[in-house]
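Residue numbers (this note's numbering): 54 to 813.
Cβ atoms here follow ideal geometry from the backbone N, Cα and C, with glycine treated the same way.
Keep in mind it's a predicted model, so treat the numbers as computed, not measured.
Scroll down for the structure; my scribbles are underneath it.
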Amino acid sequence: MSAHTSKLVGGLILSTTLSSVSSFAQTEAADGEDTPVQGQLTEIVVTAQRREQNMQDTPVAVSAFDAESLKASGVTNLQELSHVAPSLQVSSTAGVYLPFLRGVGNNNGTVGNESSVATYIDDVYYTRLSTAYLALGNIQRIEVLNGPQGTLFGRNSSGGAIQMFTRDPSQQAEFNASMGYANYDTVSAQLYASIPLTDTLSWNIAFGGSDQRVGWGKSRTTGQDANLAETFTVRTKLLWEPSDRTMVKIVGFYADSTSDIGSVQDFYEGTYGATPAGGFPGYPAPPALLTSFKEDSDTFYDNRLNARNDATEEGYGGSIRIDQDVGFAELVSISAFRRSEGNYHVDLDYSERNFYHADLGNMDDQVTQEFQLRSKPGAISWMVGTYYLHWKAGYDPATAEGDLFNILVAPGTIYSVFGIQTVDSYSGYAQATVPIGDQTNVTLGARYTEDEMEARGRQTYTIPGVGVVSAAPPGLPDPYTDSAKPSAFTYRAAIDHHFTDDVMAYASVSRGYKSGAFNTLPLATPAARPETVQAYEIGFKSEPFDRRVRINGAAFWSDIENPQVLTTVTTGVLSAVSLTNAQRARSRGAEIAVEAVPVVGLTLRSAATYLDAEYTEFDNAPFFSGGLVPGSTISGPVLGDASGFRMANVPEWRFDAGANYNWITGVGEWVGDIGVSYTGAYPWTADNRLRAEEVTLVNASLRFTPSSMDWMSFSVWGKNLGDVQYYLIGQETAGPVGTGGYVTSPAAPRTYGFTVSVEF
Numbered sequence: 054m055s056a057h058t059s060k061l062v063g064g065l066i067l068s069t070t071l072s073s074v075s076s077f078a079q080t081e082a083a084d085g086e087d088t089p090v091q092g093q094l095t096e097i098v099v100t101a102q103r104r105e106q107n108m109q110d111t112p113v114a115v116s117a118f119d120a121e122s123l124k125a126s127g128v129t130n131l132q133e134l135s136h137v138a139p140s141l142q143v144s145s146t147a148g149v150y151l152p153f154l155r156g157v158g159n160n161n162g163t164v165g166n167e168s169s170v171a172t173y174i175d176d177v178y179y180t181r182l183s184t185a186y187l188a189l190g191n192i193q194r195i196e197v198l199n200g201p202q203g204t205l206f207g208r209n210s211s212g213g214a215i216q217m218f219t220r221d222p223s224q225q226a227e228f229n230a231s232m233g234y235a236n237y238d239t240v241s242a243q244l245y246a247s248i249p250l251t252d253t254l255s256w257n258i259a260f261g262g263s264d265q266r267v268g269w270g271k272s273r274t275t276g277q278d279a280n281l282a283e284t285f286t287v288r289t290k291l292l293w294e295p296s297d298r299t300m301v302k303i304v305g306f307y308a309d310s311t312s313d314i315g316s317v318q319d320f321y322e323g324t325y326g327a328t329p330a331g332g333f334p335g336y337p338a339p340p341a342l343l344t345s346f347k348e349d350s351d352t353f354y355d356n357r358l359n360a361r362n363d364a365t366e367e368g369y370g371g372s373i374r375i376d377q378d379v380g381f382a383e384l385v386s387i388s389a390f391r392r393s394e395g396n397y398h399v400d401l402d403y404s405e406r407n408f409y410h411a412d413l414g415n416m417d418d419q420v421t422q423e424f425q426l427r428s429k430p431g432a433i434s435w436m437v438g439t440y441y442l443h444w445k446a447g448y449d450p451a452t453a454e455g456d457l458f459n460i461l462v463a464p465g466t467i468y469s470v471f472g473i474q475t476v477d478s479y480s481g482y483a484q485a486t487v488p489i490g491d492q493t494n495v496t497l498g499a500r501y502t503e504d505e506m507e508a509r510g511r512q513t514y515t516i517p518g519v520g521v522v523s524a525a526p527p528g529l530p531d532p533y534t535d536s537a538k539p540s541a542f543t544y545r546a547a548i549d550h551h552f553t554d555d556v557m558a559y560a561s562v563s564r565g566y567k568s569g570a571f572n573t574l575p576l577a578t579p580a581a582r583p584e585t586v587q588a589y590e591i592g593f594k595s596e597p598f599d600r601r602v603r604i605n606g607a608a609f610w611s612d613i614e615n616p617q618v619l620t621t622v623t624t625g626v627l628s629a630v631s632l633t634n635a636q637r638a639r640s641r642g643a644e645i646a647v648e649a650v651p652v653v654g655l656t657l658r659s660a661a662t663y664l665d666a667e668y669t670e671f672d673n674a675p676f677f678s679g680g681l682v683p684g685s686t687i688s689g690p691v692l693g694d695a696s697g698f699r700m701a702n703v704p705e706w707r708f709d710a711g712a713n714y715n716w717i718t719g720v721g722e723w724v725g726d727i728g729v730s731y732t733g734a735y736p737w738t739a740d741n742r743l744r745a746e747e748v749t750l751v752n753a754s755l756r757f758t759p760s761s762m763d764w765m766s767f768s769v770w771g772k773n774l775g776d777v778q779y780y781l782i783g784q785e786t787a788g789p790v791g792t793g794g795y796v797t798s799p800a801a802p803r804t805y806g807f808t809v810s811v812e813f
């Protein structure tokens, strides 16, 4: 029994179920909001402006999902959130999520790089989006904020923000648990327990995890399973309310995961790469070309690796939030820390040979402190705040070995890369919303951020009988040190007007910023420049027909300066993905979302996003050649002009549609849900040579709660019911002596299972 399974067995007796959680909107209604009449859509309360507001009154393009809707839609991790939020595109590599919003983002999973889309859990910013932290366990709601978030949130973001909120303990005892089983011999469990300790003190704890014990495919070399994952998370909160003026919330969490899902496994279907043969006297020469062997669906999830490309991650942390009424305003302090260590084992020749493999040992630690002073409810809403981030991340070390080093250097040689980046970020911000008459509001916000970045890198060989010697290429300082001090002024201005109680329109202009980043693998070049986005947006929100229909839409235009783009760098014998900067890019488009309750119990939903995104100036783009036709292998990069090329990882069209039906019979309550999501084709790479095909996915679920046992429910579910074979990520990389190629990782095949849940 694996370590993860042992943890799950302990938690299986006590596991959480999302299906028993009331929606946030319904909870708010119970606490004082108007309860909707039968057949109406529930009011959705969001905190897109760091205060509770009806989503329909918020002049921000935001999508919100409560626990019940996420469960019914089959969303169990951040990557699947893109199935119901069409402006969101999420890739995954090496155990890290890589979100894009409205075309803004990058596919670099190297430690030390932040996402252009900032992610917050319980108001705490996470620099690295590890899958270990973002399993959707005791989630209360998720908000996806489109466009730059440069004035109110802890860390600047150029593309948008994702807010995840977990459940708070209450003065009412609760216990929810679920146990599940799915194909690929996958067991899962979740637990949520909340109890009052005193009249002013309450506590909760949530466990969750899954153990997939059969892979989607196998290695043709070793017979070992490929594409499988184990995760375990625990999160606990202590809520102390000594008076109606003070609230203290203490959070602690632990998570670990082991997975090769999202790790590059083989060459993209139909592409070619060289095996390690030419140029090595005396080295046994395998066939000259290593082509993708995925001729049919039976081999799509297989590979030829001689070891699994596992990404492991273990981390823990905590936060303390203090809310204090100071009379004229509310003072909030949010203090947090996180420590994380991991390793990514990767077979870089993608073959059965022991030619070139690496263990990328990484660390990622952060400390944050935020202070907010915000107005009490009233005609004018305002907030001022300060934010501090200390972040240390990188490789300490990443090591590589194999026949490549045995031949080029000496038998038994180990190549090591050390690359650590340290960031201290300071910022201050303010925003206010002022009414102009009875139906119009003006919002103004501003922020100044200054980042102090330091980096240190080194490359060494450890040679048996010799010791440690420098492996730095000629002319490169050893160690390599560098620093940068980027800063930015960002802002937001918006006006909204209520034409009626049910129709609101708004217009905004905003500026967002993503800090620069050093390429830590290897750390041997200056930092990528900061990415800034100037965004313009007009939108509307409406709830006609007595709140039985909700129609929200927006049109937007974003000018991006110095967009950070994935590339490949080669320093010495090491080739790795990293960041470079285009000069300018532009993303423009429109999005619309519709919900309706045509009859009692039935809710229909649909959403669409159109994106026209291109590099308007990119004269130093990485271009690769070869690898797409028999007899050729990938080579490059060679710098060229990609101006006018479509931005990488940005589909032109995204559609989502679904239906949820709740009906009550004599034997119990039934809830059925079906969802369809479509993603159009798009380029994986800046040179537009490698493209992802269009994908249509279908998910469905059915839950039954017996009348005689209303504390228990039974669910069956299925994802990707059409068993579509598609990729999570695609990259181009030219390794030493022709290794590498267009490498990729497959997304999940058809999965299905059942869950038993209890609630007390």
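Can you tell me which residues form a DSSP beta bridge with residue i?
{"i": "G606", "result": "F593, I645"}
{"i": "E505", "result": "D477"}
{"i": "K538", "result": "In the DSSP output, where bridge partners are listed per residue, K538 has none listed."}
{"i": "Y441", "result": "Q422, Y479"}
{"i": "S241", "result": "G233, S263"}
{"i": "S388", "result": "I373, Q422"}
{"i": "E730", "result": "The question names Glu, yet the displayed sequence has Ser at residue 730. S730 pairs with D709, L750."}
{"i": "E785", "result": "Y795"}
{"i": "G771", "result": "A753, Y805"}
{"i": "T621", "result": "V630"}
Along the alpha helix (DSSP H) that carries residue i, what are the first and last residues, could you check?
{"i": "L457", "result": "456 to 461"}
{"i": "K429", "result": "Run containing K429: none; DSSP gives neither H nor E here."}
Within this structure, are the beta carbons of residue i and residue j separated by less than 8 Å?
{"i": "Q243", "j": "F260", "result": "yes"}
{"i": "R582", "j": "N634", "result": "yes"}
{"i": "V748", "j": "V777", "result": "yes"}
{"i": "E648", "j": "R603", "result": "yes"}
{"i": "G203", "j": "T543", "result": "yes"}
{"i": "D672", "j": "S696", "result": "yes"}
{"i": "V115", "j": "V197", "result": "yes"}
{"i": "A138", "j": "G162", "result": "no"}
{"i": "A580", "j": "D535", "result": "yes"}
{"i": "L151", "j": "N160", "result": "yes"}
{"i": "A787", "j": "T621", "result": "yes"}
{"i": "A537", "j": "G569", "result": "yes"}
If you reduce the DSSP assignment to three classes, tell me which class residue i lands in.
{"i": "R600", "result": "helix"}
{"i": "P799", "result": "strand"}
{"i": "L657", "result": "strand"}
{"i": "T804", "result": "strand"}
{"i": "N135", "result": "Checking the displayed sequence, the identity of residue 135 turns out to be Ser instead of Asn. Of the three classes helix, strand and coil, the one that applies to S135 here is helix, per DSSP."}
{"i": "A120", "result": "helix"}
{"i": "T543", "result": "strand"}
{"i": "Q109", "result": "helix"}
{"i": "M762", "result": "helix"}
{"i": "T180", "result": "coil"}
{"i": "T352", "result": "helix"}
{"i": "S75", "result": "Note on S75: pLDDT 31, under 50, position unreliable in the model; the coordinate value appears next. S75 falls in the coil class under three-state DSSP."}
{"i": "F552", "result": "strand"}
{"i": "A114", "result": "coil"}
{"i": "G332", "result": "Because the pLDDT at G332 is just 47, under 50, the model does not fix this residue reliably, and the value given afterwards should be weighed accordingly. Here G332 sits in coil by DSSP."}
Would you kindly report the start and end of the unbroken beta strand (DSSP E) that includes residue i?
{"i": "A485", "result": "467 to 488"}
{"i": "E227", "result": "227 to 235"}
{"i": "F91", "result": "Checking the sequence, you will find Gln at residue 91 rather than Phe. That residue, Q91, is in no beta strand (DSSP E); it is neither H nor E in DSSP."}
{"i": "A635", "result": "Where A635 is concerned, there is no enclosing beta strand (DSSP E), given that its DSSP letter is neither H nor E."}
{"i": "W293", "result": "282 to 296"}
{"i": "E167", "result": "That residue, E167, is in no beta strand (DSSP E); it is neither H nor E in DSSP."}
Cβ of residue i within 7 Å of any heavy atom in the ligand PLP?
{"i": "W723", "result": "The ligand PLP is not part of the structure shown, which contains no ligands of any sort."}
task: Check whether the region 648 to 662 touches the region 702 to 713, counting contact only when three or more Cβ pairs, one atom from each stretch, lie closer than 8 Å.
output: The region 648 to 662 is in contact with the region 702 to 713.
- prompt: Would the region 798 to 808 and the region 768 to 777 be scored as touching if the rule is three or more Cβ pairs under 8 Å?
  reply: By the Cβ rule, the region 798 to 808 counts as touching the region 768 to 777, because three or more pairs are nearer than 8 Å.
message: Measuring CB atoms only, is the region 715 to 724 touching the region 748 to 758, in the sense that at least three cross pairs come out at less than 8 Å?
response: They touch, by the three-pair rule.
query: Is there contact between the region 388 to 395 and the region 406 to 425, where contact requires at least three CB pairs shorter than 8 Å?
result: Counting C-beta pairs closer than 8 Å gives three or more between the region 388 to 395 and the region 406 to 425, which meets the contact rule.
message: Does the region 522 to 534 come into contact with the region 481 to 495, if we say contact requires no fewer than three beta-carbon pairs (one atom in each stretch) closer than 8 Å?
response: Contact annotation: the region 522 to 534 does not touch the region 481 to 495, with fewer than three C-beta pairs closer than 8 Å.
field: Any 3 or more C-beta pairs closer than 8 Å across the region 95 to 114 and the region 427 to 438
entry: Contact holds between the region 95 to 114 and the region 427 to 438, because three or more Cβ pairs, one in each stretch, are under 8 Å apart.
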